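Peer 1: One structure, as structure tokens, below. Some questions next.
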Amino acid sequence: MPNDQDVKYAIEALLFASERPLSPEQIREAFSAEGGSASGGEASVRASRIKASLDELKSEYETQNRGFRLCEIAGGWQLATDDRFAPYLKRFFQNREKRRLSQASLETLSVVAYRQPVTRADIEFIRGVNVDGALKTLLEKGLVRITGRKEVPGRPMLYGTTKEFLEHFGLASVKELPALSEFTLKDIDENLLPPELKTDERK
Amino acid sequence: MGYKIRLEIFEGPLDLLLYLIKRSELEITDIPITRITEQYLEYLNLMELLDLEIAGEFLVMAATLMQIKSKMLLPPDPEVGAPEEEPDPRAELVRRLLEYKAFKEAADRLRGFEARRSGVFTRFGVESELDGGDSPFFEGTLFDLITAFSKVLKGLPKGVVHEVEKDEFSVAEKVHEIFHRLVQTPKIFFSELFRTSRNKFEVITTFLALLELIRLKEVAVSQMDQFGEIEITRSPRATEPLKEPYAE
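Same order as they appear, the protein sequences are chains S and F. Those letters in the first sequence? Residues 1058 to 1260, per my numbering, in order. Those letters in the second sequence? Residues 2 to 249, per my numbering, in order.
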């Protein structure tokens, strides 16, 4: 059984070497017993220990004001540079700069993100334009995926966002998306409301 | 040689309507439908004039606007009960505009996250790179450009008769001209671009050349504030001299 400090720094090593965010479950796998190995097999490390180690690492980097941070992205943990050094990194890694999404892609993506699972027809109704091209781009980039089919005539495909979506925007989960500024009925002039909504409002 | 410009920066008829409403500082919930319909159709005409491909959705919206307009002009039908029972013909459009606006704002916030994320670097991974951008370098909206363009067109001297010579101006020439001007000065104001234009054809050719340069990502178009003067600069990404297909 490795001691607490070893677990913590082993996790640090895993995060350091990983290109993708690592989930606590993936990290735990690294410690899982390997029967008959030279080391004689190590006992599995508890999930709570892993979580505690991650939290410790995160606060260590923060208090030491290091050049990188431990971030929660797409349900996992990832080492990422601190944005106060963005100017230097941007200059140095010019060729690595990610392409910004087009306005059409971004609008389509926002409908998918907030209304998922959603059909193409639903997206088109909201945006008022054909979204074939934008959806295709988003699917190719792996930001959107097909999640299933809607059980209505024609069984249209349903779309949802992916892990790559969360990574692209630096979000831990879709729950982190800010609330959509839903317009309320009060915003609409009384005269503009169809009769059935007017009665709703009075209740 | 015919020159067709195909731009895919259209955000759709709802976006155009929101733009027109915002520009005139109107309330979405109380749109003066006659005025907005006129402005909307004016834009479609401009797009047509520029030989831009007009998506079918823009025409459907034009029809919808005209239908709403005619409904509002009609006196209430006495046989269909009291007038207050009838919903405002604009209600459905208003609902769609508000809904679209909410998603557009959400898209803006995503853009903010994207910008924040772009300042954060992780260990280099091929899979984390989004390859192939689908967006030309474009800061103002297409509508801003067209608005500015319509101003230039309106400022032209009217009733000037002249003969059209074959190939008097070509887009390829104008592309070169704009590009050379940008090599000399780092920034050109949109209106300056047309100062020397003698007629509508030259203005249109120059504008098409500008759109082409935007598409090729050779220039960047930006506005300091909304509805402000549009500035044209060389795209920071374009460091190579302009080559094909304008070599000659």
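Beta carbons are placed, not taken as given, at the ideal position from N, Cα and C, and that holds for glycine. Since this is a predicted model, take the numbers as computed values, not measurements.
Can you give the beta carbon distance from Glu12 (chain F) to Ile1183 (chain S), rounded, assuming they're within the 8 Å contact cut?
Peer 2: Contact doesn't hold; Cβ gap of about 12 Å is too wide.
Peer 1: Please work out which residues of its chain come closer than 6 Å, Cβ to Cβ, to Lys1045 (chain S), disregarding the five sequence neighbours upstream and downstream, and give them in chain order.
Peer 2: Outside the shown range of chain S (1058 to 1260) lies residue 1045 (chain S), about which nothing can therefore be said.
Peer 1: Between Pro33 (chain F) and chain S, is the shortest Cβ-Cβ distance under 9 Å, so that the two count as touching?
Peer 2: Taking Cβ atoms only, chain S never reaches closer than 9 Å to Pro33 (chain F), which makes this a no.
Peer 1: Let's test the definition: count the other Cβ atoms within 10 Å of the Cβ of Glu219 (chain F) and tell me whether it reaches 16, buried, or not, exposed.
Peer 2: With 16 or more Cβ atoms within 10 Å of its Cβ, Glu219 (chain F) is classed as buried.
Peer 1: Does the beta-carbon of Leu18 (chain F) have 16 or more other beta-carbons within 10 angstroms, so that it is buried, or is it exposed?
Peer 2: The residue is buried, with at least 16 neighbouring Cβ atoms inside 10 Å.
Peer 1: Taking Leu1136 (chain S) as the reference, give the member of S:Leu1237, S:Pro1235, S:Arg1212 and S:Ile1068 with the closest Cα.
Peer 2: The shortest C-alpha separation from Leu1136 (chain S) is found at S:Ile1068.
Peer 1: Suppose you measure from the CA of Leu66 (chain F) to the CA of Pro1235 (chain S); what does that come to, to the nearest Å?
Peer 2: Each residue's alpha carbon lies about 33 Å from the other.
Peer 1: My assumption, with CB atoms under 8 Å, is that Lys45 (chain F) sits in contact with Ile55 (chain F). Please give the rounded CB distance.
Peer 2: The question names Lys, but residue 45 (chain F) is Leu in the sequence shown. The Cβ separation is near 6 Å, so the contact holds.
Peer 1: Of all the options F:Leu209, F:Phe122, F:Arg97 and F:Ala103, which has the alpha carbon lying nearest to the alpha carbon of Ile147 (chain F)?
Peer 2: Here the closest residue by C-alpha is F:Leu209.
Peer 1: With the cut-off set at 9 Å, would you say Leu111 (chain F) and Ser1238 (chain S) are in Cβ contact?
Peer 2: Cβ distance not < 9 Å, so Leu111 (chain F) and Ser1238 (chain S) don't count as in contact.
Peer 1: Compare the C-alpha of Ser171 (chain F) against each of F:Phe190, F:Glu203 and F:Arg199 and name the closest.
Peer 2: Ranking the options by Cα distance to Ser171 (chain F), first place goes to F:Glu203.
Peer 1: Hey, Lys201 (chain F) and Glu1164 (chain S) are a contact pair by Cβ (cut 8 Å); roughly how many whole angstroms apart?
Peer 2: Actually they do not touch by this definition, with Cβ atoms about 34 Å apart.
Peer 1: List, in order along the chain, the chain S residues whose C-beta lies closer than 9 Å to that of Val220 (chain F)?
Peer 2: Here the premise fails: no neighbours, minimum Cβ distance about 17 Å.
Peer 1: With 16 other CB atoms within 10 Å as the buried threshold, where does Glu130 (chain F) fall?
Peer 2: Residue placement at Glu130 (chain F) is poorly supported in this model, since its pLDDT is 41, which falls under 50; the coordinates still yield a value, given next. Classification of Glu130 (chain F): exposed, given that the 10 Å Cβ count is below 16.
Peer 1: Label Leu75 (chain F) either buried or exposed according to how many other C-beta atoms from any shown protein chain fall within 10 Å of its C-beta, with 16 as the threshold for buried.
Peer 2: With fewer than 16 Cβ atoms within 10 Å of its Cβ, Leu75 (chain F) is classed as exposed.
Peer 1: So, at 6 Å on beta carbons, what are the nonlocal neighbours of Gly1062 (chain S) in its own chain, with the 5 sequence-adjacent residues on each side left out?
Peer 2: Contrary to the premise, residue 1062 (chain S) reads as Gln rather than Gly in this sequence. Nothing listed; no residue qualifies.
Peer 1: DSSP on Gln1121 (chain S), reduced to helix/strand/coil?
Peer 2: The answer is coil: DSSP assigns Gln1121 (chain S) none of H, G, I, E or B.
Peer 1: Restricting to runs no shorter than 3 residues, where is the beta strand (DSSP E) found entirely within the region 149-234 of chain F?
Peer 2: Runs found: 188-190 and 220-224.
Peer 1: In chain S, which residues lie less than 7 Å from Tyr44 (chain F) when you measure between Cβ atoms?
Peer 2: What Tyr44 (chain F) touches in chain S: nothing, since even the nearest Cβ is about 15 Å away.
Peer 1: Identify which residue in S:Glu1119, S:Asn1122, S:Gln1121 and S:Trp1134 has its Cα closest to the Cα of Ala1070 (chain S).
Peer 2: Selected option, being the one with the closest Cα: S:Trp1134.
Peer 1: Does Gln1135 (chain S) come out as helix, strand or coil in the three-state DSSP assignment?
Peer 2: Residue state, collapsed to three classes: strand.
Peer 1: Who are the near neighbours of Asp145 (chain F) in its chain, counting only those whose CB is closer than 7 Å to its CB and skipping five residues on each side?
Peer 2: Gln224 and Ile231.
Peer 1: Since Arg112 (chain F) meets chain S, which of its residues come closer than 9 Å, beta carbon to beta carbon?
Peer 2: Arg1157, Leu1158, Gln1160 and Leu1163, listed in chain order.
Peer 1: Rounded to the nearest angstrom, what separates Ile215 (chain F) and Glu93 (chain F) at their Cα positions?
Peer 2: Taking the straight line joining both Cα atoms gives about 36 Å.
Peer 1: Looking at chain S, which residues of the region 12-31 of chain F have a Cβ within less than 8 Å of any of its Cβ atoms?
Peer 2: So the list reads Glu12, Gly13, Pro14, Leu15, Asp16, Thr30 and Asp31, given in the order they occur along the chain.
Peer 1: Residues in the same chain with beta-carbon distance under 6 Å from Asn1060 (chain S), minus the five sequence neighbours each way, listed in chain order, please.
Peer 2: Here the set comprises nothing.
Peer 1: Just to make sure I have the definition right: I need the residues of chain F whose C-beta is within less than 9 Å of the C-beta of Arg1085 (chain S). Which are they?
Peer 2: Per Cβ cutoff of 9 Å: no residues; Arg1085 (chain S) is ~21 Å from chain F at best.
Peer 1: The beta strand (DSSP E) that contains Gly113 (chain F), what's its start and end?
Peer 2: That residue, Gly113 (chain F), is in no beta strand (DSSP E); its alpha helix (DSSP H) goes Ala92 to Arg118.
Peer 1: When DSSP labels each residue in this structure, what does Gly133 (chain F) get in the three-state scheme?
Peer 2: For Gly133 (chain F), the predicted structure reports a pLDDT of 38, less than 50, and the residue's modelled location is therefore unreliable. The matter cannot be settled from this model.
Peer 1: Helix, strand or coil for Glu1208 (chain S)? Go by DSSP, reduced to three states.
Peer 2: If DSSP states are grouped into helix, strand and coil, Glu1208 (chain S) belongs with coil.
Peer 1: Which residue wins for smallest C-alpha separation from Glu28 (chain F), given the options F:Glu49, F:Ile189, F:Thr206 and F:Arg96?
Peer 2: Ranking the options by Cα distance to Glu28 (chain F), first place goes to F:Arg96.
Peer 1: Using the rule of at least 16 other Cβ atoms within 10 Å of the residue's Cβ for burial, across every protein chain shown, is Asp1112 (chain S) buried or exposed?
Peer 2: That one is exposed.
Peer 1: Going by DSSP, what residues sit across from Met1214 (chain S) in a beta bridge?
Peer 2: For Met1214 (chain S), which the question treats as bridged, DSSP gives the partners S:Arg1206.
Peer 1: Counting contacts by CB-CB distance shorter than 9 Å, is Ala1143 (chain S) in contact with chain F?
Peer 2: Interface residue, yes.
Peer 1: Do we get a CB-CB distance below 9 Å when we pair Arg117 (chain F) with the residues of chain S?
Peer 2: It does; some Cβ of chain S falls within 9 Å.
Peer 1: Give a yes or no on whether the minimum CB-CB distance between Gly1132 (chain S) and chain F is below 9 Å.
Peer 2: So no, Gly1132 (chain S) is outside the interface.
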